[in-house]
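K.L.:
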Amino acid sequence: MNTKRNILGKSLIFVLFFGFASFCKAKEADSSALALLGLGLNQSTISGTLTDGAGNPIPNASLEIATSASVRNTGSRALSTTSDVGSWQLALGAGSYEIQVKDANGKLLGTFKLSSAENLEPSIEDISHLTDTIFLVSLANQREVGSKFEILSPKDGSIVKTYDLPLNIKTSDSLTCHVLQNKTDKGNFSAGKGELTSSVSIKPLLGANKIQVHCTNEAGVSAKKTILTYFGNRISAGGSHSGYVVNGNLYTWGRNNFGQLGTGTSTGDLTNPNITKLSTISNVVSIGFNQNSSIAITDDGSVWTWGANAVGQLGMGNIGDLQAAATDAGPRNPPRKVPGITNAVMAVYGFDHALVLKSDGTVVAFGSNSVGQLGNGTGGAGTYSSSPVNVIGLPSDVIQVIGGSEHSAALTKSGDVYVWGRDQYGNLGDGTVGTATEVTSTPKKVSTLSGITHIANGRDHLLALKNDGTVYAWGLAASGQLGIGGSGSPAPVPTPTVVTGLYNVVSVWANGTQSFAILNDGTVKGWGANSSGNLGTGLTTPAKIYTPGDIVVGVKDIQYFGCGALHNFAILKSGSLYGWGWNFKGSIGRSDLQETWAATTPIFLTIPQ
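Written out as structure tokens, the structure is:
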């Protein structure tokens, strides 16, 4: 039951709970609890919550009996003030009441009338004066509606991997649903009985996302469900350095010979096995490390870079003052803002080039362009751009970008994959194998792929997850990184090929010559190079694994990977962080393991406060 009226420009949702579970009389109420209200027994307890139209609680609002000749007052003087979460409780004797609702400043928000009589349930007499969009439901009915819809995705507590957030809801009733994202209205959609709908697709916001879904059935009964997700790459690894984002703070560790840790200093081949919070950058929401360079996005959508810059991969428009020799550089290479980039939502490094996806779906790039990996229509041996350039020829609905040794790739919302740059190992996925110097300077669509939801790449191989849970791989295969079987050093595969025996996959990950897949049951499969224990099997043999196998022993429920060249990290659903693989220069992040060449099983990492 609802009515609409605009009072004080507010949209209120006024939920009433009569009795303790539904519309009923609280005859057995505890006298001490009621005494707090100055009331006696044999009265009807009415409780509920007060929120605005966005679902936010209205605290410190008062509910009181109006002085009106039209109301037969029986001596009750019920009064309640809403709590910090908008909850309230009234206890009334027999009679009819006009209840006024006022905000903390005494301004009238609305009124309603109700009746209470001995041995009868309370009843609403008049709701014509309620404010815009009112719901009067029992707790039992609200729970019933809540049980009839389920948010299938995104999962509560998940980390979003692409610039797309489709909302999938399953319902056993006909519902009209309203969606809020971080208190911002994202519109309505209808879900039919037994229907699985994804008609609402939201663009995730950088950092934390609170998604609220309010659903109402045909009888006007409403319920709300809330999920929390995070958009941004919180863990990343390069050649031998690593980083992790916690509450806007960036922690780094490992090798620092090019200042890639972001501390602002570099002393020769400095090693820092201790996880250290940076004071040189704040409000970080996403990072991308590779080789000896680092990139980050802050919560305002700006891009910051630091580390090696020999071919302009920091995007600063110059080289001399940033790429001085480590012996005479002194304090250098703290994170610096890349000029000319705003509204960034994703930033990654290849080996010596960077790709940045912006909120409007466009992509910019900077760094090495020796085989056209910047995608701006130019390229050739020794060429580079130290300032961001636009990638040309991509559709406007790009949701993910990745970079390899000298190739780049993009995924669109429509499920298509585009690749450009190096094709020496069949990287382009078009059935041909190019030469080491051949230039592909604009994106080319991989025509044999469709329905792709997530992509990943290593040095020169690529993975694509299809919407049916299968995975395709192509490119360099010498270490078994394609997962399609073989022995020795297989030849490159220039056409996307189904990975052997892999089903129900929800995400794919790669770097170097190793590959990983997370399945929908929380298990993980891995394949490729393993000589440094980088697959986490507990062994360094076999050195190559050609088909997906059980890896990362000893941990469960991995939801996100950070893959380096030979060392890796995983964030568990519990929020715990683990690392394993090659520990060169302290890249795993445990000072007590400094003399350990490699960790063949996952090691728990503690993040200092």
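At position 573 of the sequence shown the residue is numbered 573 (full-length UniProt numbering), and the sequence of numbers has no breaks.
Yeah, the Cβ is synthetic: ideal placement off N, Cα and C, and Gly gets one too.
#1: Reducing DSSP to helix, strand and coil, say where residue 108 ends up.
#2: In terms of residue numbering, what span does the beta strand (DSSP E) encompassing residue 310 cover?
#3: Taking all protein chains shown into account, do 16 or more other C-beta atoms lie within 10 angstroms of the C-beta of residue 543, making it buried, or fewer, making it exposed?
#4: If I'm right that residue 256 touches residue 210 with Cβ under 8 Å, what's the distance once you round it to whole angstroms?
#5: Provide the residue span of the beta strand (DSSP E) that contains residue 299, from first to last.
#6: Exposed or buried, which one is residue 313 when buried takes at least 16 other CB atoms within 10 Å?
#7: Look at the alpha carbon of residue 547 and the alpha carbon of residue 432, and state the distance between them as a whole number of angstroms.
#8: For residue 592, does the three-state DSSP call read helix, strand or coil?
#9: In terms of residues, what are the limits of the beta strand (DSSP E) holding residue 429?
#10: According to DSSP, is residue 488 helix, strand or coil?
#11: Within the same chain, show all residues whose beta-carbon is closer than 8 Å to that of residue 574, passing over the 5 residues directly before and after it, in chain order.
#12: Measuring CB to CB, does residue 254 end up less than 9 Å from residue 238?
#13: Which class does residue 372 belong to by DSSP, given the choice of helix, strand or coil?
#14: Would you report the Cα separation of residue 501 and residue 388, rounded to the nearest angstrom?
#15: When we look at the beta-carbon of residue 331 and count the other beta-carbons within 10 Å, is it buried (16 or more) or exposed?
#16: Return the CA-CA distance between residue 644 and residue 348, expressed in angstroms with no decimal places.
#17: Here's the rule: buried if 16 or more other CB atoms are within 10 angstroms of the residue's CB, otherwise exposed. What is residue 122?
#18: Measuring only the C-alpha atoms, how far is residue 464 from residue 252?
#19: Taking the DSSP output, what are the residues bridged to residue 384?
#20: When the Cα of residue 316 is compared with those of 334, 301, 148 and 300, which residue comes out closest?
#21: Can you name, in chain order, every residue of its own chain whose Cβ lies under 6 Å from the Cβ of residue 192, other than the five neighbours on each side?
#22: Is the region 427-443 touching the region 458-475 in the sense that three or more CB pairs, one from each, lie closer than 8 Å?
#23: Which term fits residue 468, buried or exposed, when burial requires 16 or more other beta carbons within 10 angstroms of its beta carbon?
#24: How many Å lie between residue 236 and residue 592 at the Cα?
#25: Cutting at 6 Å between CB atoms, please list the residues of its own chain near residue 450, excluding the five before and the five after it.
#26: Of all the CB atoms in chain D, is at least one closer than 9 Å to the CB of residue 469?
#27: So what's residue 325 in DSSP terms, helix, strand or just coil?
#28: Which residue marks the beginning of the beta strand (DSSP E) containing residue 528, and which one marks its end?
#29: Starting from residue 245, trace the beta strand (DSSP E) in both directions and tell me its first and last residue.
#30: How many angstroms separate the CA atom of residue 207 from the CA atom of residue 571?
#31: Counting only the same chain and skipping the five closest in sequence on each side, list residues whose C-beta sits under 6 Å from that of residue 560.
#32: When you compare only the Cα positions, how much space is there between residue 328 and residue 411?
#33: Leaving aside the five residues before and after residue 102 along the sequence, list all residues of the same chain whose C-beta is less than 7 Å from its C-beta, in chain order.
P.N.:
Here's the rundown:
#1: strand
#2: It is not in any beta strand (DSSP E) - residue 310 carries neither H nor E in the DSSP assignment.
#3: exposed
#4: Going by Cβ atoms, the distance from residue 256 to residue 210 rounds to 37 Å, so no, they are not a contact pair.
#5: Where residue 299 is concerned, there is no enclosing beta strand (DSSP E), given that its DSSP letter is neither H nor E.
#6: buried
#7: 24 Å
#8: helix
#9: Unbroken run through residue 429: none, as it is neither H nor E.
#10: coil
#11: 557
#12: yes
#13: coil
#14: 41 Å
#15: In this predicted model, residue 331 has a pLDDT of only 36, less than 50, meaning its place in the structure is not dependable enough to derive any value.
#16: The structure shown does not extend to residue 644, since the chain spans only 1 to 609, so no value can be given for it.
#17: Summary for residue 122: the model assigns pLDDT 46, below 50, so the residue's position carries little reliability; its value from the coordinates is reported in the next sentence. Label assigned to residue 122: buried.
#18: 29 Å
#19: 368
#20: 334
#21: 174
#22: yes
#23: exposed
#24: 21 Å
#25: 415
#26: Among the protein chains of the structure shown there is no chain D, as only one such chain exists.
#27: Confidence in residue 325 is poor, its pLDDT being 44 and thus under 50, which makes the residue's placement unreliable; the coordinate value appears in the next sentence. DSSP places residue 325 in coil when its eight states are reduced to three.
#28: 524-529
#29: 241-246
#30: 16 Å
#31: 159 and 571
#32: With a pLDDT of 37 at residue 328, under the threshold of 50, the predicted position of this residue should be treated as unreliable, though the coordinate-derived value follows. Spanning the two alpha carbons is a distance of roughly 42 Å.
#33: 61, 62, 108 and 109
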